[in-house]
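Chain order of the listed sequences is X and H. First residue of the first sequence? That's 12 in my numbering, and the numbers climb one at a time after it. First residue of the second sequence? That's 12 in my numbering, and the numbers climb one at a time after it.
Protein chains: 2
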Amino acid sequence: MQKTATIRDVAAAAGVSPQTVSRVINNRPDVAPQTRRRIWQVIRELGYQPSALARALVSKRTYALGLITADFSDYFFTQVIVGAEAEARRNGYFFILCSTERNPADEPEYLRLLTERQVDGILFARPSTEQDSRHVASLVHQGVPLVTTAYHLPGEQLTVVDVDNVEGGFQATHHLVSCGHRRIGMITGPADWKSVKDRSEGYRRALETAGIPFDPRCVVHGDWSYEGGYRAMQQLLLQSPEITALFAQNDCMAIGAMLALRETGRRIPEDIAVVGFDDIPAAAYCYPPLTTMRQPMQEVGRVATRLLLELIQDPSTERKEVLLKAELVHRSSCCSGA
Amino acid sequence: MQKTATIRDVAAAAGVSPQTVSRVINNRPDVAPQTRRRIWQVIRELGYQPSALARALVSKRTYALGLITADFSDYFFTQVIVGAEAEARRNGYFFILCSTERNPADEPEYLRLLTERQVDGILFARPSTEQDSRHVASLVHQGVPLVTTAYHLPGEQLTVVDVDNVEGGFQATHHLVSCGHRRIGMITGPADWKSVKDRSEGYRRALETAGIPFDPRCVVHGDWSYEGGYRAMQQLLLQSPEITALFAQNDCMAIGAMLALRETGRRIPEDIAVVGFDDIPAAAYCYPPLTTMRQPMQEVGRVATRLLLELIQDPSTERKEVLLKAELVHRSSCCSGA
DNA sequence: AACGGTTCCGGGAACGGTTCCGGCAACGGT
DNA sequence: ACCGTTGCCGGAACCGTTCCCGGAACCGTT
Numbered sequence: 012m013q014k015t016a017t018i019r020d021v022a023a024a025a026g027v028s029p030q031t032v033s034r035v036i037n038n039r040p041d042v043a044p045q046t047r048r049r050i051w052q053v054i055r056e057l058g059y060q061p062s063a064l065a066r067a068l069v070s071k072r073t074y075a076l077g078l079i080t081a082d083f084s085d086y087f088f089t090q091v092i093v094g095a096e097a098e099a100r101r102n103g104y105f106f107i108l109c110s111t112e113r114n115p116a117d118e119p120e121y122l123r124l125l126t127e128r129q130v131d132g133i134l135f136a137r138p139s140t141e142q143d144s145r146h147v148a149s150l151v152h153q154g155v156p157l158v159t160t161a162y163h164l165p166g167e168q169l170t171v172v173d174v175d176n177v178e179g180g181f182q183a184t185h186h187l188v189s190c191g192h193r194r195i196g197m198i199t200g201p202a203d204w205k206s207v208k209d210r211s212e213g214y215r216r217a218l219e220t221a222g223i224p225f226d227p228r229c230v231v232h233g234d235w236s237y238e239g240g241y242r243a244m245q246q247l248l249l250q251s252p253e254i255t256a257l258f259a260q261n262d263c264m265a266i267g268a269m270l271a272l273r274e275t276g277r278r279i280p281e282d283i284a285v286v287g288f289d290d291i292p293a294a295a296y297c298y299p300p301l302t303t304m305r306q307p308m309q310e311v312g313r314v315a316t317r318l319l320l321e322l323i324q325d326p327s328t329e330r331k332e333v334l335l336k337a338e339l340v341h342r343s344s345c346c347s348g349a
Numbered sequence: 012m013q014k015t016a017t018i019r020d021v022a023a024a025a026g027v028s029p030q031t032v033s034r035v036i037n038n039r040p041d042v043a044p045q046t047r048r049r050i051w052q053v054i055r056e057l058g059y060q061p062s063a064l065a066r067a068l069v070s071k072r073t074y075a076l077g078l079i080t081a082d083f084s085d086y087f088f089t090q091v092i093v094g095a096e097a098e099a100r101r102n103g104y105f106f107i108l109c110s111t112e113r114n115p116a117d118e119p120e121y122l123r124l125l126t127e128r129q130v131d132g133i134l135f136a137r138p139s140t141e142q143d144s145r146h147v148a149s150l151v152h153q154g155v156p157l158v159t160t161a162y163h164l165p166g167e168q169l170t171v172v173d174v175d176n177v178e179g180g181f182q183a184t185h186h187l188v189s190c191g192h193r194r195i196g197m198i199t200g201p202a203d204w205k206s207v208k209d210r211s212e213g214y215r216r217a218l219e220t221a222g223i224p225f226d227p228r229c230v231v232h233g234d235w236s237y238e239g240g241y242r243a244m245q246q247l248l249l250q251s252p253e254i255t256a257l258f259a260q261n262d263c264m265a266i267g268a269m270l271a272l273r274e275t276g277r278r279i280p281e282d283i284a285v286v287g288f289d290d291i292p293a294a295a296y297c298y299p300p301l302t303t304m305r306q307p308m309q310e311v312g313r314v315a316t317r318l319l320l321e322l323i324q325d326p327s328t329e330r331k332e333v334l335l336k337a338e339l340v341h342r343s344s345c346c347s348g349a
């Protein structure tokens, strides 16, 4: 890589002081228009690019954000990232990618990496499992701006952006109820996820509203995967073969479940109606096309980033929780489907 | 954020010069064991973290890599990223995320961002469309270490890691041929992608090997999406209703195509066999489960990053092209399926 | 006792910017 | 003619680290 020009080279070539060049590239006043033009000219000629590193060193602002993510196979989180990245970029910030995919225990080391690089803030785009989170709490106490999506840190007050999962679970279940179903199975995600608890809560409320007693045999845990949904469905049919409807807490599991259902000869939606959650692209093209709760995933990422930037601007901003709405998308896997 | 300790604070507290502290944190010799211990002690007490920024400024090494990506909805590229991130991390590097998802024209500005931040190298995890690529060529000439996946820059010699798409297309088609099919349709991706050209070339060779004449009416372009596969299939059935087999150049289009086929009453694989490409998770759980060419996507990311790091270590390393093999996965959408 | 070689450590400059502060010329008002 | 502003610019210090070099103390030889 050829040696790059510095601010001093530009200054020398333009016959001014580095100081004045600095004023020009930062659009500060107190430079004669003519001088300004000349300096820009020299900058272009020399192909000068200010060093973001040197700048950050003195200004204490890196315009870097950390992005903690855990599962790139999960459509939800990848879409959150897309939204987040777009919003960051719009504001001159960018993300450092930290994927704890393979090993959640790497997280503390990642956070160390991020603080060493003096990121201005950190966005958590990973689920809240009940792993050790003292290192996160410690960040909060250090005053590092922090926003999370779908991750609630017990005991700490922090800014969270998420989908209203209680409402979403309610709507999904209510839809099945309103189609006349009374025996409604549910495949959840892992028990320690907040979203699972919330969607399950929505399910329960919808049943309660309809005067249907909650039956624990109608509920099986899955792991969000196709495979998991497939197996959970087999389990569910064993436990309560009489169900006429299924609420799967994500689309992958719904699709896996539908395969299991077909294998038992059940027709969808005639014999059993299915509602998913997410609205992944495959949902519209699986067989049969899946009725599901669409989540505004990119929006979650955008809003989260916006709040993070606010927090960076003014660290005294009050922490808050923002919930976005999921919306029911009608397709043919369910009673009143197209 | 509370004021953080600097190397001078540590030095003062330990009664040594900053220089000596520097030697300790960098594990250099020429420090008495006792002094070393004392300094480590102080470092822990003060919670001192060396500033990566200041370090990078003098050492000219940022340990940052740029990651140019275009399509987070594409399973292939997200998996490449996962592999790349893991490999980078293993070597003490990390990625700055640059998604040109919304607007490919942003790319030059992204590259400017990356060079301003003095990244040590850049990984392109985006397809090679025939957009303007002068800015990329300019990077090459500046001597910035560069590795691409699935992206070939015409006229430039650079390190590329990709899947052997010619061979993959050949195998997919050959499999259909060996099941006895003679009229084999193909849904490709966008015409300007290198991988599309290569897979199509493989298709053509397989036909040729079997003595089947190539019929342009058997080929339709898609856009990689479910929707695109669905529409392409309708088009294909119009053009050549007599086909008994389909090679879709990715799984999404294959799944979309299967929906279109079912809508015409065709059974899979009895009436028409289908082979996809990628082996996305949905492939095993769609209906019917999809026979497809599995790509070692994470491996592509890992290898690409490894080569990039090599290039950074020694910029004189010869540029090369690495092709990984795709492998046929048998499922039930095809003749000899399970 | 003088000498060369280690071992351990520190002073000062540098990396590439920004900030603080102050200087100088021109200008308008009295 | 004098004085306070205003516009424009530069000198020096600093951000937090590392690198180059030199120097003191100690060791064993001759």
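Yeah, the Cβ is synthetic: ideal placement off N, Cα and C, and Gly gets one too.
Interface residues of chain H facing residue i [CB-CB closer than 8 angstroms]
i: E127 (chain X); result: Q60, P61, S62 and A63
Residues that residue i contacts on chain H, provided the C-beta gap is smaller than 7 angstroms
i: G222 (chain X); result: Per Cβ cutoff of 7 angstroms: no residues; G222 (chain X) is ~35 angstroms from chain H at best.
i: Y296 (chain X); result: Y237, Y241, I266, G267 and L270
i: R113 (chain X); result: A97
i: L435 (chain X); result: The structure shown does not extend to residue 435 (chain X), since chain X is modelled only from 12 through 349, so no value can be given for it.
Distance, residue j Cα to residue i Cα
i: F135 (chain X); j: N114 (chain X); result: 16 angstroms
i: L334 (chain H); j: T80 (chain H); result: 20 angstroms
i: A161 (chain H); j: Y214 (chain X); result: 45 angstroms
i: R145 (chain X); j: L76 (chain X); result: 21 angstroms
i: Q168 (chain X); j: R330 (chain X); result: 7 angstroms
i: H185 (chain X); j: P252 (chain X); result: 21 angstroms
i: I223 (chain X); j: F288 (chain X); result: 22 angstroms
i: A271 (chain H); j: Q52 (chain X); result: 59 angstroms
i: V231 (chain H); j: C297 (chain X); result: 22 angstroms
i: S343 (chain H); j: R228 (chain H); result: 26 angstroms
i: Q129 (chain H); j: L68 (chain H); result: 9 angstroms
i: L164 (chain H); j: V285 (chain H); result: 33 angstroms
i: G348 (chain H); j: R305 (chain H); result: Confidence in G348 (chain H) is poor, its pLDDT being 48 and thus under 50, which makes the residue's placement unreliable; the coordinate value appears in the next sentence. Their Cα atoms are separated by approximately 15 angstroms.
i: M197 (chain H); j: Q260 (chain H); result: 7 angstroms
i: Q182 (chain X); j: T302 (chain X); result: 12 angstroms
i: R47 (chain X); j: V35 (chain X); result: 6 angstroms
i: S28 (chain X); j: E120 (chain H); result: 28 angstroms
i: I18 (chain H); j: S149 (chain H); result: 39 angstroms
i: A294 (chain H); j: P138 (chain X); result: 25 angstroms
Residue-chain proximity (residue i, chain X), Cβ-Cβ < 8 angstroms
i: L68 (chain H); result: yes
i: R273 (chain H); result: yes
i: L134 (chain H); result: no
Beta carbon proximity, residue i to chain H, threshold 8 angstroms
i: T89 (chain X); result: yes
i: V93 (chain X); result: yes
i: L318 (chain X); result: no
i: L157 (chain X); result: no
i: L78 (chain X); result: yes
Per-residue contacts from residue i into chain X (C-beta, under 7 angstroms)
i: E96 (chain H); result: L108 and S110
Cβ neighbour criterion (16 or more within 10 Å) applied to residue i
i: G240 (chain X); result: buried
i: F258 (chain X); result: buried
i: E98 (chain X); result: buried
i: F105 (chain X); result: buried
i: M12 (chain X); result: With a pLDDT of 45 at M12 (chain X), under the threshold of 50, the modelled position of this residue cannot be trusted, and the question is left open.
i: F225 (chain H); result: exposed
i: L78 (chain X); result: buried
Within chain X, the residues that residue i reaches when beta carbons sit closer than 9 angstroms
i: S84 (chain H); result: Y86, T89, Q90, V93 and P292
8 angstroms Cβ cut-off: residues of chain X touching residue i
i: F105 (chain H); result: I107, L108, C109 and L124
Residue i CB to nearest heavy atom of the ligand NAD below 7 angstroms
i: Y162 (chain X); result: For the structure depicted, the ligand NAD is absent and the ligand set is empty, with no information on it obtainable.
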